[in-house]
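Trainee: In the working numbering, the protein residues as written are 23 to 176. Don't be surprised by glycine CBs; every beta carbon is placed ideally from N, CA and C.
1. Nearest-angstrom Cα distance between residue 77 and residue 93?
2. Are there three or more Cβ pairs, one per stretch, closer than 8 Å when the region 88–106 is compared with the region 115–131?
3. Pop quiz: residue 168 and residue 49 are said to be a contact at Cβ under 8 Å. What is the actual Cβ separation, rounded to whole angstroms?
4. For residue 111, name the three-state secondary structure that DSSP assigns.
5. Please name the residue, chosen from 143, 126, 157, that lies closest to residue 106 on a Cα-to-Cα basis.
6. Is residue 126 near residue 103, with beta carbons less than 7 Å apart?
7. According to DSSP, simplified to helix, strand and coil, what is residue 83?
8. Quick one: give me the first and last residue of the alpha helix (DSSP H) that residue 170 is part of.
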């Protein structure tokens, strides 16, 4: 139960704010005034950087070096969640992946540590593949979120 609560507490509000509000606002502005692929990437990177930097609040309960590592990992995770949201046009896919990430990273509550380590490694490779794929794919296709925002602005 602790793992599920941890997954939901981070996954839902963080995605709604960082992707839904911040990335949505950045993209709406860019699309309204001068949309380019580079500005799409800048919007994604900016919202992901803010998402990562918000994890400095972990300094209240974690040492500085660990918190810095969490910030870096969060920025990279934020890129993955943002690309998923932009490409699918639905924040709920990003929430599901974020939940899975938090669920796997929750303190070990009965899962064999070698299984947890393997699951985290597989998930890490998955996130890298998602980012690389969408960087390539977005160059050639208009992402669904961009289409959705353009339609709402008309």
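Mentor: With the given structure in hand:
1. Cα atoms of residue 77 and residue 93: separation of roughly 5 Å, rounded to the nearest angstrom.
2. yes
3. 7 Å
4. coil
5. 157
6. no
7. coil
8. Note, residue 170: alpha helix (DSSP H), 166–175.
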